[in-house]
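Residue numbers (my numbering): 14 to 685. Backbone N, C-alpha and C define an ideal beta-carbon position, used for all residues, glycine too. As the structure is a computational prediction, the values presented were derived from the model and not from experiment. Notes follow once the structure below has been shown.
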């Protein structure tokens with residue numbers, strides 16, 4: 014090799030080293046590869062240069078730098094170069110001369126370098142020089158991969174954190190969608206973002222949020238939306254006609270095999286494999302946020318339902334005149350479903366006209382030709398079927414949508430409520446219909462009997478001390494007491510150790526008798542300290558301290574109850590032992606924090622209960638506690654440490670909880 018060629022190679026090596034050293038780990042490696050491309054153009058007197066890399070994650074091809082060549086050319090030519098054993102000339106018209114080489118390190122192909130020179134062909138010295146360049150660029154690729162991996166993970170974690178915070182502080186689905194759209198636009202520098210969600214009742218996929226800076230026609234947006242339904246993973250979508258420069262990336266929203274919807278983002282710049290991974294990570298957070306929002310929405314809807322029922326109950330209590338009572342109830346029902354007008358018809362004893370209009374929001378509604386026949390027909394259908402009837406596309410006269418629901422008392426149909434012309438463009442929604450069915454099932458009792466308060470008393474009487482219940486029913490808002498809401502409380506779990514073996518050698522009658530004694534005394538102790546009985550699960554007792562009645566000292570009450578429960582358990586064990594009867598030892602777990610409480614369950618059976626991570630932690634601590642032990646969480650300890658005597662435990666690895674949980678064994682409470 015002659016001296017000028019050696020000097021040329023040495024200068025290139027030094028220049029490449031200088032480029033790598035210029036860019037530190039905090040900068041985008043793309044800028045480094047752009048500088049390398051510019052350097053290679055200078056040293057080879059080339060017109061164009063491109064660097065294509067293989068993704069370390071999925072081996073997809075990606076152009077990371079290109080000058081004088083477009084990105085698609087670089088990927089196409091680079092894919093050919095990957096098959097080469099070394100540098101080679103490529104025959105690719107209209108390029109007069111193309112020189113390519115795979116980037117290889119330890120027999121692993123990392124990517125390729127492409128050089129283009131339109132006039133002077135590349136000679137042997139150029140080929141040797143490219144081999145030298147490739148031997149230096151491979152280390153830059155490894156450096157870039159490390160930086161990209163680190164930056165990508167940080168980017169994913171930051172996006173996940175933003176979505177998680179949004180979920181925690183934005184329970185309403187509409188606000189959640191708006192916030193998610195902003196996050197997606199920011200992280201992908203997108204010009205188009207569509208959020209599609211399925212309707213809860215029909216599963217129909219509709220666009221719930223869209224930002225479109227391209228102002229695409231409606232049919233184009235519909236075409237894009239239709240491609241999302243079959244996706245199972247993040248995937249690039251075909252560009253719509255007349256928008257060849259628009260790059261689309263979409264991902265499904267799926268929770269527990271249930272398709273909630275999908276996401277579509279678009280921009281002029283192609284999406285990289287890292288964008289695919291990021292969208293997948295974000296979609297995994299967004300779908301759970303949507304599911305959480307819908308649970309919250311269900312609880313809010315239940316709250317709204319109870320509020321309307323309460324107002325109707327107040328009307329019943331305050332209004333003596335029956336006709337005025339019906340008119341006020343009707344106004345409440347119309348407000349619930351946003352109907353233009355409404356009516357209530359009740360059965361009478363008159364044979365010639367058994368169904369009589371008792372109230373309407375607009376006088377003469379039944380005699381109006383625009384409404385009379387439609388009201389009569391749908392009311393009859395509701396009465397004959399005994400179920401809610403609706404039609405959002407009737408278009409008869411001035412009537413465009415209608416809903417009718419029978420009023421039933423003691424399994425007897427007593428009349429029908431109807432609303433006409435929803436203010437919503439799509440007519441009476443599934444939520445309108447669900448809410449109306451739920452409320453009208455209480456309207457008849459609000460009109461004729463005082464049933465709602467009895468129902469709530471019946472529900473809470475299983476969970477709350479009678480004296481506390483009496484106070485609560487007198488002072489609390491009956492419509493809100495069972496509604497879903499976030500509260501801070503302490504939960505206590507207590508169950509018997511070795512109960513399975515005990516049950517195996519104990520007669521059924523004896524087992525039931527002893528269990529009833531045990532559960533009864535534990536419940537009495539919970540009530541003594543102002544707690545609420547959540548439920549029994551076999552021999553396990555679950556108590557809530559701080560809901561539905563607020564307790565500022567809920568943790569201290571739970572701790573005191575747990576200590577007394579162990580004392581009562583020992584006393585009961587001694588009593589039974591004198592009778593030659595057996596009761597296994599008991600373990601207790603307590604955790605404190607924020608949960609969602611409310612009346613939860615299907616109409617056939619509801620309970621006042623709580624859900625949340627705090628509940629899960631309490632149950633796991635109970636399971637970890639040994640016989641006659643009481644384990645408390647870090648939060649509970651923080652609330653009672655000024656009065657408590659504890660033994661610090663090694664952090665516990667608990668099922669369903671990702672990180673080891675700090676825990677303490679409660680020994681005693683000091684006098685206040």
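Residue range 498-509 is occupied by the beta strand (DSSP E) that includes residue 506. Residues 76 and 283 of the same chain have their beta carbon placed closer than 7 Å to that of residue 84, with the five preceding and five following residues left out of the count.
Assignment of residue 661 by DSSP, reduced to helix, strand and coil, places it in the strand class.
Secondary structure of residue 248 (DSSP, three-state): strand. In this structure, residue 427 keeps its C-beta atom at 8 Å or more from the C-beta atom of residue 412. Judged by DSSP in its simplified three-state form, residue 111 adopts strand. Using a Cβ distance threshold of 8 Å, residue 387 and residue 415 count as a contacting pair. The straight-line gap separating the alpha-carbon atoms of residue 60 and residue 133 is approximately 10 Å.
When 512, 635, 308 and 119 are compared, the shortest CA-CA separation from residue 151 is found for 119.
In this structure residue 431 is not in contact with residue 503, their Cβ atoms being roughly 48 Å apart against a cut-off of 8 Å. For residue 552, the closest of 209, 531 and 570 by C-alpha to C-alpha distance is 531.
Residues 18 and 21 of the same chain have their beta carbon placed closer than 8 Å to that of residue 138, with the five preceding and five following residues left out of the count. At a cut-off of 4 residues, the continuous stretches assigned as alpha helix (DSSP H) that sit fully inside the region 550-600 are 567-591.
Boundaries of the beta strand (DSSP E) harbouring residue 404: 402-404, taken from the DSSP string.
The criterion of a C-beta distance shorter than 8 Å is not satisfied by residue 262 and residue 281.
Of all alpha-carbon atoms in 607, 606 and 622, the one lying nearest the alpha-carbon of residue 613 is that of 622. Every beta strand (DSSP E) of 3 residues or more that sits fully in the region 46-80 is shown, in chain order, as 61-67 and 74-80. Boundaries for residue 289: no beta strand (DSSP E) harbours it, while the alpha helix (DSSP H) harbouring it runs 286-331, taken from the DSSP string. DSSP places residue 141 within a helical segment (H, G or I) once states are collapsed to three. Beta-bridge partners of residue 206 (DSSP): 224 and 278. For a cut-off of 8 Å, the C-beta gap from residue 681 to residue 647 is around 19 Å, too long to register as a contact. Only residues of its own chain outside the window of five on either side were considered, and among them 387, 413, 414 and 415 have a CB closer than 7 Å to the CB of residue 407, listed in chain order. Spatial neighbours of residue 58 in its own chain (CB-CB distance under 6 Å, excluding positions within 5 residues in sequence) are not present. Looking only at 291, 346, 302 and 632, the smallest Cα-Cα distance to residue 178 is reached by 302. Only residues of its own chain outside the window of five on either side were considered, and among them 179, 180, 183, 302, 303 and 306 have a CB closer than 8 Å to the CB of residue 189, listed in chain order. With contacts defined by Cβ atoms closer than 8 Å, residue 595 and residue 627 do not form a contacting pair.
Residue 592 counts as exposed, since fewer than 16 other C-beta atoms from the protein chains shown sit within 10 angstroms of its C-beta.
By DSSP's assignment, residue 129 forms a beta bridge with 61 and 111. Under DSSP, residue 628 takes part in no beta bridge, so it has no partner.
Look at residue 655 here: in three-state DSSP terms it is coil, with no helix or strand label. Between residue 314 and residue 210, the CB-CB gap reaches or exceeds 8 Å. When 322, 330, 337 and 331 are compared, the shortest CA-CA separation from residue 348 is found for 322.
The alpha-carbon of residue 354 is positioned some 15 Å away from that of residue 392.
A check of alpha carbon separations from residue 88 across 65, 98 and 78 identifies 65 as the nearest. Scanning 582, 605, 642 and 639 for the CA closest to the CA of residue 652 turns up 605.
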